[in-house]
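Participant: Chains as they are written, first to last, in our numbering: chain A, 7 to 408; chain B, 25 to 191.
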Amino acid sequence: MSTQVDIVLDRPQQPSEHQILNMGPQHPSTHGVLRIILELDGEIIVKATPVVGYLHRAMEKIAESMTFHQFLPYTDRLDYLAPLANNVALTTAQEKLIGVEIPPRARAIRVLAVELSRISAHLLGLGAFAMDLGAMTVFLWTFRERETIYNLIEHLTGARFTTSYTRVGGVANDLPEGFIPELRAFLDEFPARVDDYERMLTSNRIWVERTKDVGVITKEDAISYGLTGPNLRASGVEWDLRQKRPYLGYEDYDFDVPVGSVGDCYDRYLCRIEELRQSHGILLQVLDKLPDGPVLTPRTHVSLPAKSETLRGMEELIYQFILITEGQDAPPGECYFAAENPKGELGFYFRSKGGGYPDRMFIRAPSFVNLQILERILPGGFISDVVAILGSIDFVMGECDR
Amino acid sequence: MSDLPEVLVAALEEFEGRVTAVEDLRSEPAFRAEREAARDFIVWLKEQPGLGFSFLYLLTALDNYPDEPRFEVVYGVRSLELNLDLRLNVPLRGDDAVLPSVSDHFHAALWMEREVYDMFGVRFEGHPELTRILMWEGFEGHPLRKDYPLLGNTLGTAGYVGKGGKR
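#1: Quick one: is V126 of chain B near chain A, going by C-beta distance under 8 Å?
#2: Counting only C-beta atoms, is G100 of chain B closer than 8 Å to chain A at any point?
#3: Anything in the stretch 76-96 of chain B with a Cβ closer than 8 Å to a Cβ of chain A? List those residues in chain order, please.
#4: Classify Q378 of chain A: buried if its beta carbon has 16 or more other beta carbons within 10 angstroms, exposed otherwise.
#5: Please decide whether R370 of chain A counts as near chain B, where near means a Cβ-Cβ distance under 8 Å.
#6: Taking the Cβ atom as the reference point for each residue, do T234 of chain A and E405 of chain A lie within a distance shorter than 8 Å?
#7: In chain order, what residues of the same chain have a beta carbon less than 7 Å from the beta carbon of Y89 of chain B, not counting five sequence neighbours either side?
#8: With distances taken between CB atoms, is the gap from V220 of chain A to I395 of chain A smaller than 8 Å?
#9: Please report the distance separating the alpha-carbon of L276 of chain A from that of V222 of chain A.
#10: For the beta strand (DSSP E) that K53 of chain A lies in, which residues bound it at each end?
#11: Starting from the C-beta of E30 of chain B, find all residues in its chain whose C-beta is less than 7 Å away, skip the five residues before and the five after it, and write them out in chain order.
#12: Where in the stretch 238-294 of chain A do unbroken runs of the alpha helix (DSSP H), each at least 4 residues long, occur, reported from the N-terminal end onward?
#13: Return helix, strand or coil for E107 of chain A, following the three-state DSSP convention.
#14: If the cut is a Cβ gap below 9 Å, which residues of chain B does C341 of chain A touch?
#15: Nearest by alpha-carbon distance to R124 of chain A: which of A:Q249, A:P236, A:K359, A:A240 is it?
#16: Classify I157 of chain B as helix, strand or coil using the three-state DSSP reduction.
#17: Give a yes or no on contact between the stretch 170-178 of chain A and the stretch 200-207 of chain A, applying the rule of three or more CB pairs nearer than 8 Å.
#18: List, in order along the chain, the chain B residues whose C-beta lies closer than 7 Å to that of W245 of chain A?
#19: Taking C-beta pairs closer than 7 Å, name the residues in chain B that K67 of chain A reaches, listed in chain order.
#20: Could you tell me if K359 of chain A is buried or exposed, where buried requires 16 or more neighbouring beta carbons within 10 angstroms of its beta carbon?
#21: May I ask you to report which of helix, strand or coil DSSP gives K351 of chain A?
#22: For chain B, is any of its Cβ atoms less than 8 Å away from the one on I229 of chain A?
#23: Would you kindly check if the distance between the Cβ of A54 of chain B and the Cβ of V46 of chain B is under 8 Å?
#24: Is A64 of chain A close to chain B, meaning its C-beta is less than 8 Å from at least one C-beta of that chain?
#25: By the 10 Å Cβ neighbour count, where 16 or more other Cβ atoms means buried, how is T168 of chain A classified, buried or exposed?
#26: Alpha carbon to alpha carbon, how far is Y325 of chain A from T154 of chain A? Give it in angstroms, no decimals.
#27: Does any CB atom of chain B fall closer than 8 Å to the CB of K349 of chain A?
#28: I157 of chain B CB to nearest chain A CB: under 8 Å?
#29: Taking C-beta pairs closer than 8 Å, name the residues in chain A that F130 of chain B reaches, listed in chain order.
#30: So which residues on chain B does G59 of chain A lean against when the C-beta distance must stay under 9 Å?
#31: How big is the Cα-Cα spacing for Y355 of chain A and R370 of chain A?
#32: Measuring CA to CA, which of A:L139, A:E281, A:T316, A:F77 is closest to R239 of chain A?
#33: Which runs of the beta strand (DSSP E) fall wholly inside the stretch 95-177 of chain B and span at least 3 residues, in chain order?
#34: Applying the criterion that 16 or more other CB atoms from any shown protein chain within 10 Å of the CB defines a buried residue, is S26 of chain B buried or exposed?
#35: Any beta carbon of chain B sitting closer than 8 Å to that of F374 of chain A?
#36: Thinking P56 of chain A and L380 of chain A are a contact (beta carbons under 8 Å), I'd like their distance in whole angstroms, please.
This is the structure:
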């Protein structure tokens, strides 16, 4: 038996000197223009200060001088990985302010659009997360599926990214011919694709080591820091606006809300994977139950008349002119509506003084609120963990900086 | 107000006179409070057992320029247990736009209060680091105020052209 010997390093004690490392705004793993000032003690992070605002475009100021429809294209540029979901959130909020009910078919099409963009946004988040940790293949695979989704979205709206698909009172056009079979073909093969991603990652030892017990967010912190979306649910809080406050008829669809237990990067990854499957299930149900009927409410003071009608009818021409120049007349008052977007709760708060322009519009951007948690969870970890944590939080700077 | 849960109605009597319920466009619970009562009310809602309004989902401001009180700070708190949102508007005079910070109880307010300060110039007392967040350090003015000019460049902004230059 050898005796334990205390090894004393014969080195004079140096006062620890912290090093400042500037990460971003052009770092590849910051997914945009996030900058983090890291204070380091060797490889351990002592303090982290996120700096945001590099992509600020004054959207809320712009909204004050625009009618409700005019602002719609700006939402394509909020969370630019899920423009359709932003379109739907904005228009549904405007409809709540103005007081409009939309036809059942329009609601189903909106759900379809939102879930499609949720899959596409989660696929990008997942692929980029995996690539940041060295798993290049998953990135290529998720982008293959995203390409199919973007072809579908192009078929549906005419654009791949800048969709601007919704209108106050419904959606711009009905599902085009051939869209449903195309979507069904994608949905048929999608579950097998998700299994492929899982085979690459879920029990991959490197992946588990890099993500498990890294960046743990406790339940209390998640609530206090206002996290929403998969980040909140991974910390064990069962909160999904689609389930808690059903909008657009989400109460008619059967889906589960995945909830994590630890709140580490691995849980956030698992939550997103499961949400992919749930969105797939919702899409199938939408296709099965798709009601017939118009896709735009026929109320003349709210929704634009069909273009062909304005060329023939005097009244339609007048209504189109009024709606384009003056906008929909909103009652004075305040209202807040939030939708469960891929990144979390995207809320729009309106204060109207009457007329077609909002007096103030506030965008509650989930990425902006979610990013605050970095100040809390980065200290104490290694530099290499920063990449994993950023990937798992899955933010978009276009939405954060507005 | 009849659709509020009983526990909340009883609780509101505690703040009788300092917090008043107001009519909301879509009949959601909305309140108006004086500056002195705002922080107490929100923190109290959070800590009262059976209520648990611990989630701050909204913090922003409105500008009523040129009317007084000029600003209104809008808080939105949510109870995850009751699945209920409350909105609270706090009017502030333009020459005295100061409010106690709630960031020690709601960490989500750390950045949201900085944003309100950046965009409206409303100050939050007790905030650990009340600096600009979306605009850069050294920027002058508060862009979301109604009297902020919509045209022209100020010194130091991108695209600024000095004397004699074309705009």
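Each residue gets a CB set at the ideal place from its N, CA and C atoms; glycine is no exception.
Facilitator: This is what the structure holds:
#1: no
#2: So, interface residue.
#3: So the close ones are S78, F79, L80, Y81, L82, T84, L86, D87.
#4: buried
#5: yes
#6: Pairing T234 of chain A with E405 of chain A gives a Cβ-Cβ distance that is not under 8 Å.
#7: R169, K170, D171
#8: yes
#9: Going by C-alpha positions, L276 of chain A is about 14 Å away from V222 of chain A.
#10: According to the DSSP assignment, K53 of chain A belongs to the beta strand (DSSP E) that extends over 50-57.
#11: Closer than 7 Å at Cβ, skipping near neighbours: no residue.
#12: 247-250
#13: coil
#14: D48, L49, R50, E52
#15: The option with the nearest alpha carbon to R124 of chain A is A:P236.
#16: coil
#17: no
#18: Those are L104, listed as they occur along chain B.
#19: P167, L168
#20: exposed
#21: It should be noted that the sequence gives Glu, not Lys, for residue 351 of chain A. Three-state DSSP puts E351 of chain A in a strand.
#22: Yes, I229 of chain A counts as interfacial toward chain B.
#23: It is a contact, given that the beta carbons lie within the stated cut-off.
#24: Closer than 8 Å to some Cβ of chain B, the Cβ of A64 of chain A qualifies, so yes.
#25: exposed
#26: 38 Å
#27: no
#28: yes
#29: S230, G232
#30: Listed along chain B, the residues sitting closer than 9 Å to G59 of chain A by beta-carbon distance are D142, R156, I157, L158, M159, W160.
#31: 8 Å
#32: A:E281
#33: Runs found: 95-103, 108-116, 122-124, 147-149.
#34: In this prediction, S26 of chain B scores a pLDDT of 46, lower than 50, which makes its location untrustworthy; the coordinate-derived value is nonetheless stated afterwards. Classification for S26 of chain B: exposed.
#35: Yes, F374 of chain A counts as interfacial toward chain B.
#36: 5 Å
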